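For reference, the structure discussed in these notes is given below.
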Amino acid sequence: MFSHSLPFFLLILQTCSAASVLLHPRQNATTPVSIVSNQSSINSSAGTANVAAAGTLEPFGGIGLGCGINWEQGVSYGGGLQAGTSMAGLGAGFTATPNGVDIGLGIGTPSLNTSTSYSVASNGSVSFTFASTGSFQCADTTIDGMKGISCTST
1 MFSHSLPFFL LILQTCSAAS VLLHPRQNAT TPVSIVSNQS SINSSAGTAN VAAAGTLEPF
61 GGIGLGCGIN WEQGVSYGGG LQAGTSMAGL GAGFTATPNG VDIGLGIGTP SLNTSTSYSV
121 ASNGSVSFTF ASTGSFQCAD TTIDGMKGIS CTST
């Protein structure tokens, strides 16, 4: 039913796979970032997989990165990505079910944290929430002919 969310799921899967290959230490090479977890658990109707990396990357200092995917036949599929340093962090994820798609995103810095959730149900209803530790203002707008909302910090 939600075949339009399948490309996003495949993008998360491709990103996880690419991260694993790109960050994997090469033989006789020193790398500042190493894979610290690369796991999967799969059966005939469900599965989970994740990859995580950690290390030091200039100019950011210590970093941590990770992504995961999961699926269960007839129930849902989803994925997520998180990355962070002492300067900034982000986390995002989604779940698709026969009843709809939910997406969440959070971005944080030492001075500001924000989070967004977005849901679309199979009945056509939409829900959007934005939260911030800082002040912001939102206004209705039109973007490429579609109704929208634009929020900026104040």
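If you're matching positions, the sequence shown starts at 1 in this note's numbering and goes up one per residue. For glycine and all other residues, C-beta sits at the position ideal for the given N, C-alpha and C. Every value quoted in this text rests on a predicted model; they were computed, and no experiment measured them.
Which of helix, strand or coil does DSSP assign to residue i?
i, result
"Ala46", "strand"
"Gln73", "coil"
"Asp144", "coil"
"Asn38", "strand"
"Thr31", "coil"
"Leu23", "Because Leu23 carries a pLDDT of 47, less than 50, the predicted location of this residue cannot be relied on, and no value is offered for it."
Grab the span of the beta strand (DSSP E) containing residue i for me, first residue to last.
i, result
"Phe60", "Looking at the DSSP string, Phe60 is not in any beta strand (DSSP E), and its letter there is neither H nor E."
"Ser127", "126-132"
How many angstroms separate the CA atom of residue i from the CA atom of residue j?
i, j, result
"Ile63", "Ala83", "7 Å"
"Ala49", "Asp102", "20 Å"
"Asn99", "Ser122", "5 Å"
"Ala88", "Thr109", "4 Å"
"Phe8", "Gly78", "For Phe8, the predicted structure reports a pLDDT of 49, less than 50, and the residue's modelled location is therefore unreliable. A value from the coordinates is still provided. Their backbone Cα atoms lie some 9 Å apart in a straight line."
"Ala139", "Thr152", "9 Å"
"Ile35", "Gly68", "14 Å"
"Lys147", "Thr116", "18 Å"
"Leu65", "Thr56", "11 Å"
"Ala96", "Ser111", "33 Å"
"Thr141", "Phe128", "15 Å"
"Ala53", "Ser37", "7 Å"
"Val51", "Gln39", "7 Å"
"Phe94", "Ser125", "17 Å"
"Pro59", "Ser86", "12 Å"
"Leu22", "Leu105", "Below a pLDDT of 50, predicted positions are generally treated as unreliable, and Leu22, at 47, falls in that range; the measurement from the model is reported next regardless. Cα to Cα, the separation comes out at about 24 Å."
"Thr114", "Gly145", "27 Å"
"Thr31", "Gly61", "14 Å"
Which partner residues does residue i have in the DSSP bridge list?
i, result
"Leu90", "Ala83, Ile107"
"Ser122", "Answer is none; Ser122 lacks a bridge partner."
"Thr116", "Leu105, Phe130"
"Ser153", "Phe136"
Does chain B have any CB closer than 7 Å to the CB of residue i?
i, result
"Ala121", "The structure shown has no chain B; it contains just one protein chain."
Count Cβ pairs between the region 35-46 and the region 69-81 that sit closer than 8 Å; are there 3 or more? yes
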